[in-house]
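Following the working numbering, the numbering of the sequence shown begins with 3 at its first residue and continues without gaps.
Where a beta carbon is used, it is the ideal one built from N, C-alpha and C, also for glycine.
To start, the structure under review is shown below, and the notes come after it.
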Amino acid sequence: MRQLESITLSPEAPLREAMRVLDQTRIQIILVSDANHKLLGTLTDGDIRRALLREGNLEDPLSSAMNSKPLIAKESDSASDIRSRMRSHGIRQMPIVSDDGELLDLMMLSDPRVDLKHDVPVVLIVGGLGQRLRPLTEECPKPMLEIGGRPILERIINRFKDQGFQNFFLSVNYLGHVIEEYFGSGEKHGINVTYLREQQRMGTGGALSLLGDDVDGPIIVMNGDLITEVDFRILADKHLESGAAATMCTREHRTTVPFGVVEAEGEVYQSTVEKPTLSHRINAGIYCLSPAAYRSVPRDEFYDMPTLFSDLVAAGHTCRVHAIDGLWLDIGTKQEFDRAQHVFAEA
């Protein structure tokens, strides 16, 4: 049975204390219980980020940010059933409670296939011009802009590294020497780095044609200006399970029409919907690709990832989507850059 004392806090504890515990334990979850050890909720780094985005602060109690209805298992549930539920819901930890709600244990997803994800290479597309962030990017490539005192690209790599990924390909072009001087071979950062040097701009997918023959399994591809809390191990797992040629991460994006929308049949009025909110599934800029996908990328051409997916489908390959939620910051504009600074300044 796992020792729970180090990751269990009261609902009155401040978010600052939860962040300290998360950083020290690396288990990525806080269990919130009362004085009688009854489970009240759970808290993750993502819950804290969302609370801060809602204008909260680190002195707020855990009860203000915790998930009060977490997925739980009973002590009578089999280990295989619990693991199956975790995989189906895309989570990596599940509290185990007694029939009266007393916290007994925390089960971690230990499917041995997860460990194989360490060998999945990660390709980060970091050669863009960053024109919408000028003048910040006149002498610094966008992925090297600092958020909370650390380059965006370093935050991305650390997220992968914390999940066990070690092998990285960085696709560089504009001011690529700045990136190469900072990361070098990756040794000082505890990773392996290989550079894909674009002689001209190649889009979000063209640099995949520069991968050598040493890469012969699935890869993860991600835009180098994203800060996200995605669990990349689950993405890789689901991609392998599906047998698809390519998997695209998507997220829900809602927009509100600031007018009354009129519905009519020809010229016959039917109704007016006031300021409706529309929901769309958008490309999150994160992908998992099988060899059939990245080996089909044409050489020495400007080629984007959406084009790759369209071409794969046209060629008869199966492509899938993987829905993500939680923190996702696309730092492509000054507004998003300032928003990210606010989030990490609070943290």
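- The DSSP-derived three-state label of Val34 is strand.
- Non-local beta-carbon contacts of Leu177 in its own chain, meaning distances under 6 Å to residues more than five positions away in sequence, involve Pro143 in chain order.
- Contact between Ile221 and Leu291 holds: CB atoms are separated by about 5 Å, below the 8 Å threshold.
- Each residue's CA atom was taken as its position, placing Ala286 and Leu108 some 31 Å apart.
- Within the model, the alpha-carbon separation for Ser273 versus Thr279 is close to 16 Å.
- Runs of the alpha helix (DSSP H) lying entirely within the segment 209-261, each at least 4 residues long, are 234-244 in chain order.
- Contact fails between the segment 300-309 and the segment 228-245, because fewer than three Cβ pairs, one in each stretch, are under 8 Å apart.
- Counting every other CB atom within 10 Å of its CB across the protein chains shown gives Ile284 a total below 16, marking it as exposed.
- In this chain, the alpha helix (DSSP H) harbouring Leu310 covers Met307 to Ala316.
- Using a Cβ distance threshold of 8 Å, Thr249 and His255 do not count as a contacting pair.
- Of Ser8, Gln30, Val99 and Thr335, the smallest CA-CA separation from Leu42 is found for Val99.
- Taking Met110 as the centre and dropping the five residues before and after it, the same chain places the C-beta of Arg94 and Gln95 closer than 7 Å to its C-beta, in chain order.
- DSSP assignment within the segment 108-183 yields the following whole beta strand (DSSP E) runs of 3 residues or more, N-terminal first: 124-127 and 169-174.
- Shown here, Lys277 sits in coil according to DSSP, grouped into three states, outside any helix or strand.
- Using a Cβ distance threshold of 8 Å, Ala246 and Thr320 count as a contacting pair.
- C-alpha of Ile154 to C-alpha of Glu77: approximately 42 Å in a straight line.
- The C-beta of His324 has 16 or more other C-beta atoms within 10 Å across all chains shown, which makes the residue buried.
- In this structure, the CA atom of Leu73 is about 8 Å from the CA atom of Pro97.
- The DSSP-derived three-state label of Pro63 is strand.
- For Leu131, the closest alpha carbon among the candidates Glu338, Gly334 and Val345 is that of Gly334.
- Nearest to Thr44 by C-alpha distance, out of Ala209, Ser70 and Lys277, is Ser70.
- Exclusion of the five residues before and after Asp62 leaves Leu17 as the residues of its chain whose Cβ lies within less than 6 Å of its Cβ.
- For Lys190, the three-state secondary structure derived from DSSP is helix.
- If you draw a 10 Å sphere on the C-beta of Ala316, you find fewer than 16 other C-beta atoms in it, and that means exposed.
- Taking the CA atoms as reference points, Asp233 sits about 18 Å from Met21.
- Counting of Cβ neighbours within 10 angstroms places Ala342 among the buried residues, the total reaching 16 or more.
- Here DSSP, grouped into helix, strand and coil, assigns Gln337 to helix.
- The C-alpha of Ile9 is placed about 22 Å away from the C-alpha of Arg89.
- Under the three-state reduction of DSSP output, Gln343 falls in the helix class.
- Per DSSP, Arg322 is one residue of the beta strand (DSSP E) stretching across Cys321 to Ala325.
- Collapsing the DSSP output to three states places Gly58 in coil.
- Distance check between Val195 and each of Arg56, Tyr184, Gly58 and Pro145 places Tyr184 closest, using alpha-carbon atoms only.
- Rounded to whole angstroms, the Cβ separation of Phe170 and Val124 is 5 Å, and the two are in contact under 8 Å.
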